[in-house]
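*Asks:* Would you mind keeping the following structure in view while I ask a few things?
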Amino acid sequence: MAYAAEVKNIVKKFPSVTAVNDVSFSVDEGEIFGFLGPNGAGKTTLIRILTCLMKPTSGRAEIRGTDVVKHPSLVRRNIGVVSQALTSDLDLTAYENLNIYGKYFDVPKGERKKSIDYLLEKVDLKDRAKDLVATYSGGMRRRLEIARGLIHKPYILFLDEPTIGLDPQSRRVIWELLQKIREETKLTIFITTHYMDEADVLCDRIAIIDYGKIVALDSPANLKRNIGGFDIIEVTLGNSGPEVMEKLKAMSFIKNITEKDESLRIYVEDAAKSMPVLFDEFKKMGVTTQYLAIHEQTLEDVFIHYTGKTIREAEAQKVSFLIGAGAPRKMPGARI
Amino acid sequence: MRALAVTERDLKRFIRNPFVIIASIFMPLMYLIIMGNSFQGELKHLPVLLVDQDKGPYARRMVELMQALEDGPRTLEITRESDQKKAVSMVRDGFYKAVIIIPPDFSKDVVKNVEPQVGLLLDNTDSISANSVSGAVSRATAYLKTEYTAVRPDRSRPQLRSIELYKKIDYDASLVPGIIVMAIFMGTTFTGAFSLVMDKFLGIHESYLSTPLTRFDLVAGTIMSGVLITTIMSIVVMVGGLMITGIKLAGGVNTFILLLATMVLTALGLLSMIFTVLGRADHPRIVGVLVGFLNVIFYFPSGAVYPIESLPGWLRAFATVNPEAYAVHAFKELILKGSGFVAVRGDLMFLACFTAFMLLLATLTFKRTM
């Protein structure tokens, strides 16, 4: 089966740094594939190689079986790109932005008009179609640029940090938009992000990249499952005694239990499945719950598991490296 | 055609920001008004001191001749001074351009024909003024002994009869071809390659570099919009220049077509050349520096302000490959002389070849990736 995108042993070296270091992966047709990593991990370099904006130092990359280095013109016809920077023309209206891009792809006039109307409706900008983009908010521009990336009905859509710099509400709107587009068109989407929640919500599979190397690749659920950690149920019980603690410790699905202040921290494999059972047991024991909180495994935990640091720490290290405060140290992997 | 879409995008952006275009039209016209009125052929009102130490009849005659220069062409503004030392120090202090000294035995020497001399102490740091004062005083001394009209004119001396082929061209009118070329150059610097440099600077270029646009589409598309904007600008500047200086175009539609062809070819050639130079620049500051540099090396040896024939050999050699020199020549022929195709075909041919070469070079050197 031909992959939507396939990358084999790609290396990209710059004079002072190896941005992408022997990366291989494939993207299935119709999936949302995420590239997750801190800023400076090599995500943008990789997306630029796949979108024919940069040539790799070595290795091979294909879009729908077409080599990006040997046949860039053909690849460009099949891809839609939403860059990290806001790149819509401020002095043009939304309609003009889409119309001119449609012309770049030789979309015939009638088809172009239909596509523009459809896409503007889809990204909820129809009422503002004739306004100059200079009057748009960041979120509106991003929506317009997603529509622009789809004007020629691409085979695969690349989005480089599509919600960077947006407020939480605008980010959610973009997520919903991408999910809606995928549901309706079965489009393959390749997305890079350094937001854990974004990758978790949107992606079918995620590749975690750090210092130019893929350190893990799987579905978000599998990634979380595979690191072998536990969800934590934090509970404060109203009328409990030592016998309650004993009974809880005896339950097989509870892996560990600790006391913190007046609360219990109950470690389970799957909090969602364990909660109903636990409530039934509390009821049988005649105890009441005064406070309850669940801490599920997140991709942040996955990132820490594979890189030994949080994504923020990873970014801070890269910044200090860039400003000459010292080279980043490879931190040992840590398990939760 | 995808290149046309590039042109359309560029034109729309310029139309919505007309300030740059208006300023670029206004500047060459201001140059014409200020330059045209600042340097009006011969110099006037040059302040000089006159020290008459003789006071004899020929000294008085000399003073009269100087005063005639003051009252007639107004080349000099004469102030009498008796103290020679004080006069020299006033020139040194910059209050006067020169001191004319008539020595004590001047009249006696004139009568005796023993080479009478008039002293002239010049502030030669201002060479243009110094040359004018020197020339005016020389003319006056030549007339010192010609107050009588000869009974029989000397028919053996050759007489000069100069006939002007064209009607009188004022200094400001002679600047019009140059300011059209200036407008074209300005237009080509803020359109064309500059649009791409700004896109790169703002990070916008990434979006269209991932489309099927080819190098030629991008180069040709931006150059086409540049040619359109620049040609319209230069027509407006030409019409403004003609109105300000009162020149009437001779030759009708044919001349206008030739003017238009010269404008388009000059704009195309300069846009392609600037594209070759700036195709890989990624910051507007680089453009600012290079454009200033290009302006100096192309405009001044173009014949727009000084005849190419009077330039030193190496600059004359450079002028043979300077597209602005051919443009200025063509505009002079068409606007000032009303010449036809024959007079400008060499210019047009050079500009066409220059454009083709530079367009090819611009396309080949333009980097399509990031």
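From first to last, the protein sequence lines are chains A and G. Numbered by the numbering used here, the letters in the first sequence go through residues 177 to 512 in order. Numbered by the numbering used here, the letters in the second sequence go through residues 309 to 678 in order. Using N, Cα and C, we set each Cβ at its ideal position, and we do this for glycine too. Only a predicted model underlies this, so the values are computations on that prediction, with no experimental measurement involved.
#1: Take the Cβ of VAL422/G as the centre, count every other Cβ of all protein chains shown within 10 Å, and call the residue buried at 16 or more, exposed below.
#2: So ASN254/A and GLY388/A are in contact, right, with Cβ under 8 Å, and what is the actual spacing, rounded?
#3: How is TYR443/A classed by DSSP in three states: helix, strand or coil?
#4: Drop a sphere of 10 angstroms on the beta-carbon of SER313/A, count the other beta-carbons inside from all chains shown, and report buried for 16 or more, exposed for fewer.
#5: Rank THR364/A, ALA195/A and SER291/A by C-alpha distance to the C-alpha of ILE327/A and give the top, closest one.
#6: Please classify PHE322/G: is it buried, with 16 or more other beta-carbons within 10 angstroms of its beta-carbon, or exposed?
#7: Measuring alpha carbon to alpha carbon, tell me which of GLU182/A, LYS188/A and VAL187/A ends up nearest ASP204/A.
#8: Give me the residue from HIS471/A, THR263/A and TYR331/A with the minimum Cα distance to ALA448/A.
#9: Select from the stretch 215-247 of chain A all residues with a C-beta closer than 9 Å to any C-beta belonging to chain G, and list them in chain order.
#10: I'd like the list of long-range same chain contacts for ARG224/A, defined as Cβ closer than 6 Å, with 5 residues on each side in sequence excluded.
#11: If you reduce the DSSP assignment to three classes, tell me which class VAL629/G lands in.
#12: Would you say TYR271/A lies against chain G (beta-carbon separation less than 8 Å)?
#13: Following the continuous beta strand (DSSP E) through ILE255/A, name the residue where it begins and the one where it ends.
#14: To which residues does DSSP link HIS471/A through a beta bridge?
#15: Can you name the start and end residues of the alpha helix (DSSP H) that ILE359/A belongs to?
#16: Could you tell me whether the Cβ of TYR331/A comes closer than 8 Å to any Cβ of chain G?
#17: For VAL279/A, return the contacting residues in chain G, with the cut-off set at a CB-CB distance below 7 Å.
#18: Once you ignore the five residues that flank LEU308/A on each side, which residues in its own chain have a CB closer than 8 Å to its CB?
#19: Mapping the DSSP letters down to three states, classify SER202/A as helix, strand or coil.
#20: Identify, in the order they occur along the chain, each residue of the same chain with its Cβ nearer than 8 Å to the Cβ of VAL505/G, setting aside the five sequence neighbours on each side.
#21: Out of VAL652/G, ALA627/G and ASP413/G, state which residue places its alpha-carbon closest to the alpha-carbon of PRO615/G.
#22: Return helix, strand or coil for GLN466/A, following the three-state DSSP convention.
#23: Hey, does SER515/G have any beta-carbon neighbour from chain A nearer than 8 Å?
#24: Check LYS306/A in the structure and name its three-state DSSP category.
#25: Closer than 8 Å by beta-carbon distance: list the chain G residues that pair up with ARG252/A, in chain order.
#26: Tell me which same chain residues have a C-beta within less than 7 Å of the C-beta of PHE649/G, skipping the five on either side of it?
#27: For a test of the three-state rule: what should DSSP assign to PHE674/G, helix, strand or coil?
#28: May I ask you to list the residues that DSSP assigns as paired with ASN432/A?
#29: Quick check on ARG317/G: buried or exposed, where buried means 16 or more other Cβ atoms within 10 Å of its Cβ?
#30: Quick check for students: name the residue ranges of the alpha helix (DSSP H) that lie wholly in the stretch 246-332 of chain A, counting only runs of 4 or more.
#31: Is the beta carbon of GLY500/G closer than 8 Å to that of ILE531/G?
#32: Would you tell me roughly how many angstroms separate the C-alpha atoms of PRO326/G and SER533/G, rounded to the nearest one?
#33: Exposed or buried, what is PRO284/A when buried is set at 16 or more other beta-carbons lying within 10 Å of its beta-carbon?
#34: When we look at the beta-carbon of ILE582/G and count the other beta-carbons within 10 Å, is it buried (16 or more) or exposed?
#35: According to DSSP, what are the bridge partners of ILE403/A?
#36: Using the Cβ count rule (16 or more neighbours within 10 Å means buried), how would you classify ALA510/A?
*Replies:* In terms of the structure at hand:
#1: Exposed is the call here.
#2: Not confirmed; about 26 Å, so no contact.
#3: Reduced to three states, the DSSP call for TYR443/A is strand.
#4: With a threshold of 16 other beta carbon atoms within 10 Å, SER313/A falls short and is exposed.
#5: Between ILE327/A and the set THR364/A, ALA195/A and SER291/A, the nearest pair of CA atoms involves SER291/A.
#6: The residue is buried, with at least 16 neighbouring Cβ atoms inside 10 Å.
#7: When each option's Cα is compared against that of ASP204/A, the closest is GLU182/A.
#8: Ranking the options by Cα distance to ALA448/A, first place goes to HIS471/A.
#9: Taking a C-beta cut-off of 9 Å against chain G, the contacting residues of the stretch 215-247 of chain A are ARG224, THR227, CYS228, LEU229, MET230 and LYS231, listed in chain order.
#10: Within the same chain, and ignoring the five residues on either side of ARG224/A in sequence, the residues whose Cβ sits closer than 6 Å to its Cβ are MET230.
#11: VAL629/G sits in coil when the DSSP states are folded into three classes, being neither helix nor strand.
#12: Not closer than 8 Å to any Cβ of chain G, the Cβ of TYR271/A fails to qualify, so no.
#13: Per DSSP, ILE255/A belongs to the beta strand (DSSP E) from 255-258.
#14: In the DSSP secondary-structure assignment, HIS471/A is bridged to ILE408/A.
#15: For the record, residue 359/A in the displayed sequence is Glu; it is not Ile. For GLU359/A, the enclosing alpha helix (DSSP H) stretches over residues 344-361.
#16: It does not: the Cβ of TYR331/A has no partner Cβ on chain G nearer than 8 Å.
#17: Per the sequence presented here, residue 279/A reads as Lys, with Val not at that position. Per Cβ cutoff of 7 Å: ARG310 and ALA313.
#18: For LEU308/A, where only same-chain residues beyond five positions count, the Cβ hits under 8 Å are LEU266, ASP267, LEU268 and THR269.
#19: In the three-state reduction of the DSSP assignment, SER202/A falls in the strand class.
#20: Excluding sequence neighbours, VAL505/G sits near LEU586, ALA589, ASP590, HIS591, PRO592, ILE594 and VAL595.
#21: Among VAL652/G, ALA627/G and ASP413/G, the Cα nearest to that of PRO615/G is on ALA627/G.
#22: Look at GLN466/A here: in three-state DSSP terms it is strand.
#23: By this cut-off, SER515/G is an interface position.
#24: Note: LYS306/A maps to coil in three-state DSSP.
#25: Neighbours of ARG252/A on chain G, chain order: SER518, THR519 and PRO520.
#26: Counting only Cβ-Cβ distances below 7 Å, and skipping sequence neighbours, we find LEU566.
#27: Note: PHE674/G maps to coil in three-state DSSP.
#28: DSSP lists TYR443/A as partners of ASN432/A.
#29: Per the 10 Å Cβ criterion, buried.
#30: If you keep only unbroken alpha helix (DSSP H) runs of at least 4 residues inside the stretch 246-332 of chain A, you get 248-254, 270-280, 285-298 and 314-325.
#31: Going by C-beta atoms, ILE531/G is nearer than 8 Å to GLY500/G.
#32: When rounded, the distance between both Cα atoms is 14 Å.
#33: Burial state of PRO284/A is exposed, judged by a 10 Å Cβ sphere holding fewer than 16 other Cβ atoms.
#34: So ILE582/G ends up on the buried side.
#35: ILE403/A pairs with nothing; no bridge assigned.
#36: Residue confidence for ALA510/A is low, a pLDDT of 29 falling below 50, so the modelled location carries little weight and cannot support an answer.
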